[in-house]
Structures are given as C-alpha cells and as structure tokens.
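Protein chains in written order, with the working numbering: chain A, 5 to 225; chain B, 5 to 225. Using N, Cα and C, we set each Cβ at its ideal position, and we do this for glycine too.
2 protein chains.
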Amino acid sequence: MFKKVLVVDDHDVVNEGVLRVLKSNNINNVVKAQYCDEAFLKIKNAALNNQPFDLLISDLSFKEDYKENKLKSGEDLVAAIKPEYPNLAVIIYSMEERLQKVRTLINTSGVNAYVCKGRKGAFELSIALTQVAKNKLYLSPQVQNALNKKNDLEIDDYDIELIKNLSLGLSQVEISTLFKTQNIAPSSLSSIEKRINKLKDIFKANNTIHLVSIVKDLGLI
Amino acid sequence: MFKKVLVVDDHDVVNEGVLRVLKSNNINNVVKAQYCDEAFLKIKNAALNNQPFDLLISDLSFKEDYKENKLKSGEDLVAAIKPEYPNLAVIIYSMEERLQKVRTLINTSGVNAYVCKGRKGAFELSIALTQVAKNKLYLSPQVQNALNKKNDLEIDDYDIELIKNLSLGLSQVEISTLFKTQNIAPSSLSSIEKRINKLKDIFKANNTIHLVSIVKDLGLI
DNA sequence: TATCCTAATACGGAAACCCGTAAAGTTTTA
DNA sequence: TAAAACTTTACGGGTTTCCGTATTAGGATA
C-alpha cells in the first residue's frame, strides 16, 4: 500500500474527507494542497529530499482566485508531473464524468485511476487505492466504458470551448477568427456552423440559444 | 452551541469533511444523510422520539439515481422542513453562488446561513456555526451582497417570462404568437424585439445568446 | 502511387435576427 | 379637450445564422 500521499483539491472540506478515507486505509502520511502550483512544488521538494510521494490524488477543476497559478487544472498538473515522475501513481477524483476527458487522461497522461465524485466517492476511492497499489487501473462505474467505445455522442473540449464562447456573446465569425489566432482547429465559419448543428442535434436544441441554455443547465460550462 | 446536527450531502466524502469540521467544534452528535427524503424522515423521527435535531447543514443540488425521491433539492427539503420545525437552524452549504438563489433562501425559506463550497469552506462553516448559534445570520463573502436591494434591477415579470421562453428555444415569432394566445401584452414581434434590445442594454449583452447566458448566471430564470 | 474515406472548408439561398424610423394607439397633464 | 409623452405596432433594409450541397485537404489502405 502507499506510504506517502499528496491530496490536491481546492475545497478544504473535500480534502478533509479524502484524508479520512486514507486514514481508514491506514495511510497516515498525507499532505494536502489547494492549488496545482503548490502541489507541483511539494512533489518536487519531496523528491529532492529523498522522501518522494508515491501517490497523487487530484481534482481536475480549480477555481481561480487572487493567487496566480501556472497550472490551472488537474490535467495541467498531471501533464507537468507524470513525465518527470513516471513512478508516481495518480488517482483523479473529480465531478467530471465526460468519457472523452477520462479517456485522454488514461491514455495520454498515464493516470492510474479515475474516481467520480458522488454518493459512493469514499467507497470507490478505497477500491481505487487497493487496485492502483496492485498496479491495476480503476475507473468509477459511471465512466467504465470510457475505454471501450468510441462514443459518437460524446462531446469534447472543443465543443465545450465553442459553446462557452457562444455563451460569452461572441458571434460565429468572431469565434472563427478567435480560433484561428489560438490555432484551434477547425476554425472555419463553416466548420463552426456544422459543429453547432451537431451539438443542437445531440442535445435536442431548437436553436443556438436553447443549446447554450441546456448546456449551462447541465453544468458543462 | 449545537447539540445534535444532521448533515445532508450526496457526496459521502463531503459529508465526512463536514463531520470533521463539526468535530473540531466539539459537536459529536452528528447524523448523515445522502438523500433529501432520507433527511426529512430522520428529522421527523428525531422529533417524534423527543431527540430533535437543532441544526441542519444541507447541500442544494442532489444527483438523481435509482432511488425515487420526492424532495429533489435542498430547497425542497428546507421548504418541507422549516414550516414544521421553525426552531431548527439551517445552514446551506453549496457550490451555488447565484445571489437570487441565496436571497430567496434567506428571505422566504428562513435559512440561517449560506456557506459557499470553496477553498475556505471549512473555515466559513465554522464561523457560520458560531454565528448561527448566536442567532445571527451568516453569508459567505461571495454572496454577502445578496441582500442588498441594489441588485433589484429594472426588470419585471414580463422580461423574465420573455427571457425564459428564449432559453427554452422559442424563436421571437413563436414567442409573439404565444403571448397573443396567453393575452400577454405587448405581443407584437416588434415589441418583443424592442424589449430584448432594452434587456441587452441593461445587462450589457452582445447578443441574445449572451443575454440569456447572463440572466441564467444571475439566477433570474 | 492511386484510391478511398473522412474532416474541413467554401458557397448560396432562405430564414431569423438586428436596428432605425415611422405610424398608430394610450395615457398623462396642462 | 387638446397637446404632449409614452407605448405598441408596422415596416424596410442590413446582418447573422441556418442549412443543404459542393469542393478541397489529409490520412489510411491497398
């Protein structure tokens, strides 16, 4: 089982809760962080002092506040950490249930487990601990099929970004030029139209206002 | 200070965390619930057994699962409980930061404190405990100005109805004909256009999508 | 390399929306 | 009661969005 664990979540109450789960698994050497940059530094320092962490449990989304952070999300943190410390096991513990997100975290970032925050979060976190300790992958039931199917209905970060910009009041041409400057592809007006169309289809929206409204209600943006 | 507390949140990890906060305030008689209906029954039973709760700490949003629940949200729970047990203090502990929501909870549901989940959630929850114990109201800094009348803008029910219909995906002509059948005046397309224009002006929205998005964020619809 | 397939882009007409102005209808008030 | 002020409706022309179709680019396959 793991000896030294870093828990990263911006909500202190959640951090406390995760700590309890670890305690009940007889893991007592636990450090907390509320920012990704802070977590990054703690991992580096621990390694330098020859007392490295062997497990990282991190949230994905972090609310920004007065503190400037270079790493703004759990994805950023993992991307910064994993290449340097490939032996550090990583468990993601997040509200996010989009399969696409889970898939890329597992496949390209080398995350070892993905646990969804929910009614049984503590239980699943415990299982994840034991599985990952045995070098096995663990996924919460909600996202089990992240790896099997290529779910066409699945929406990705591009879609979210697109809808977010719509909700911010940008016109489709404005989004097109914005994407061009940000090197986000596809960026043509036509492609943006087409994508919006697809999304309206997926979410059964009558028009773009409706689409944005639905996606806001779902909490995706 | 409070003797017997019920904590209601669908995330078990959060429940654990809140429990720790209570412990550190020397409150040890704590019961947890993960569903609103469950919470409702526990409150009723406790009262019947002459061992009533004197504090309820509840989340607002609960994910639905296989269990059928009559009370689907923290608002529902409070609305069901408060009239019957007006002496039961209530602290809301939620991600939600929309002022309109906070306002109605405080003003019409008689909630005693509103704490936002966030980096300092534990800290603020502690303060809320002591304040509410002294019969004082507590609001997290993020929502402090929920009660300032300042936020009452120059918009009326007609505007809300209009924007709500937009968010439901109706086109402007559809809204026009709908208003005609409902005898809501003004109902001409031109007037509706004009009203939307005024609202875009008030809320500094670039276009109608933006308008709906802003008004949703404000919790007005 | 040639072929196939899919994703991205381009384009054009129709519909919806935007916006200013003008007319008609109501209410206020002098 | 008439003028003024405001609200509602009407209308026209410009812009954006919508939607189907056609073309192009790029990657996979054989």
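Determine the chain B residues that contact residue i at a beta-carbon separation under 8 Å, and present them in chain order.
{"i": "G78(A)", "result": "Under the 8 Å cutoff, chain B gives no residues; its nearest Cβ is about 15 Å from G78(A)."}
{"i": "K74(A)", "result": "The premise fails here: K74(A) is roughly 18 Å from chain B at the closest Cβ pair, so nothing lies under 8 Å."}
{"i": "V35(A)", "result": "What V35(A) touches in chain B: nothing, since even the nearest Cβ is about 16 Å away."}
Is the beta carbon of residue i less than 9 Å from the beta carbon of residue j?
{"i": "A117(A)", "j": "L75(A)", "result": "no"}
{"i": "A37(A)", "j": "V12(A)", "result": "yes"}
{"i": "S191(B)", "j": "K184(B)", "result": "yes"}
{"i": "C120(B)", "j": "V82(B)", "result": "no"}
{"i": "D221(B)", "j": "K220(A)", "result": "yes"}
{"i": "K67(A)", "j": "D14(A)", "result": "yes"}
{"i": "F57(B)", "j": "V35(B)", "result": "yes"}
{"i": "I200(B)", "j": "L170(B)", "result": "yes"}
{"i": "L193(A)", "j": "V177(A)", "result": "yes"}
{"i": "I213(A)", "j": "I159(B)", "result": "no"}
Is residue i helix, strand or coil by DSSP?
{"i": "A4(A)", "result": "No answer is possible for residue 4(A): it lies beyond the span of chain A, which begins at 5 and ends at 225."}
{"i": "Y89(A)", "result": "coil"}
{"i": "D156(B)", "result": "Here D156(B) scores only 49 on pLDDT, less than 50, and its place in the model should not be relied on; the value that follows carries that caveat. In this structure, D156(B) counts as coil in the three-state DSSP scheme."}
{"i": "L170(A)", "result": "helix"}
{"i": "V115(A)", "result": "coil"}
{"i": "L8(B)", "result": "Checking the sequence shown, residue 8(B) turns out to be Lys, not Leu. Correct three-state label for K8(B): strand."}
{"i": "E20(B)", "result": "helix"}
{"i": "L109(B)", "result": "helix"}
{"i": "L59(B)", "result": "strand"}
{"i": "Y97(B)", "result": "strand"}
{"i": "S192(A)", "result": "coil"}
{"i": "Y142(B)", "result": "strand"}
{"i": "N49(B)", "result": "helix"}
{"i": "N33(B)", "result": "strand"}
{"i": "S175(A)", "result": "coil"}
{"i": "N210(B)", "result": "coil"}
Would you mind telling me which residues of chain A sit closer than 8 Å to residue i, beta carbon to beta carbon, in chain order?
{"i": "N211(B)", "result": "G173, S175"}
{"i": "R123(B)", "result": "D14, H15, D16, Q38, K67, D69"}
Thinking C-alpha only, which one of the options is nearest residue i?
{"i": "C28(A)", "options": "L133(A), L222(A), S180(A), K140(A)", "result": "Here the sequence assigns Ser to residue 28(A), which means Cys is not the residue at that position. Minimum Cα distance to S28(A) is reached at L133(A)."}
{"i": "V243(A)", "options": "G125(B), K8(B), D58(B)", "result": "Since the first residue of chain A shown is 5 and the last is 225, residue 243(A) is not available in this structure."}
{"i": "G173(A)", "options": "T181(B), L182(B), N211(B), P190(B)", "result": "N211(B)"}
{"i": "I164(B)", "options": "K67(B), I131(B), S217(B), V136(B)", "result": "S217(B)"}
{"i": "L166(A)", "options": "K48(A), S77(A), A189(A)", "result": "A189(A)"}
{"i": "S130(B)", "options": "D16(B), N30(B), H15(B), E42(B)", "result": "N30(B)"}
{"i": "N32(B)", "options": "E20(B), D41(B), E42(B)", "result": "E20(B)"}
{"i": "A85(B)", "options": "R102(B), D69(B), D41(B), Y97(B)", "result": "The identity of residue 85(B) in the sequence shown is Ile, whereas the question assumes Ala. Looking at the Cα atoms, D41(B) is the closest of the given residues."}
{"i": "G114(B)", "options": "E128(B), S195(B), E79(B), R123(B)", "result": "E79(B)"}
{"i": "N149(A)", "options": "R102(A), L170(A), F127(A), Q135(A)", "result": "R102(A)"}
{"i": "K198(B)", "options": "H214(B), M99(B), V136(B), S180(B)", "result": "S180(B)"}
{"i": "Q2(B)", "options": "L141(B), L151(B), F44(B)", "result": "The question about residue 2(B) has no answer here: the residues shown for chain B are numbered 5 through 225."}
{"i": "G122(A)", "options": "S98(A), L182(A), L52(A)", "result": "S98(A)"}
{"i": "E128(B)", "options": "P145(B), Q186(B), D69(B)", "result": "P145(B)"}
{"i": "E72(B)", "options": "Y162(B), N139(B), Y39(B)", "result": "Y39(B)"}
{"i": "S77(B)", "options": "L182(B), F44(B), T112(B), L215(B)", "result": "F44(B)"}
{"i": "Y162(A)", "options": "I196(A), A51(A), N139(A)", "result": "I196(A)"}
Which chain A residues sit within Cβ distance under 7 Å of residue i?
{"i": "S217(B)", "result": "S171, V216, K220"}
Output, in chain order, the set of chain B residues within a Cβ distance shorter than 9 Å of residue i.
{"i": "R24(A)", "result": "V17, E20, G21, L23, R24"}
{"i": "A126(A)", "result": "H15, D16, V17, N19, E20"}
Tell me, please, whether the segment 85-97 of chain B touches the segment 24-38 of chain B by the rule of three or more beta-carbon pairs shorter than 8 Å. With a cut-off of 8 Å, the segment 24-38 of chain B and the segment 85-97 of chain B do not count as touching, because too few Cβ pairs lie within range.
Cβ pair count under 8 Å reaching 3, the segment 70-90 of chain B against the segment 205-220 of chain A: no
Is the segment 103-110 of chain A touching the segment 46-63 of chain A, taking contact as three or more C-beta pairs under 8 Å? Taking 8 Å as the limit for Cβ pairs, the verdict is that the segment 46-63 of chain A does not touch the segment 103-110 of chain A.
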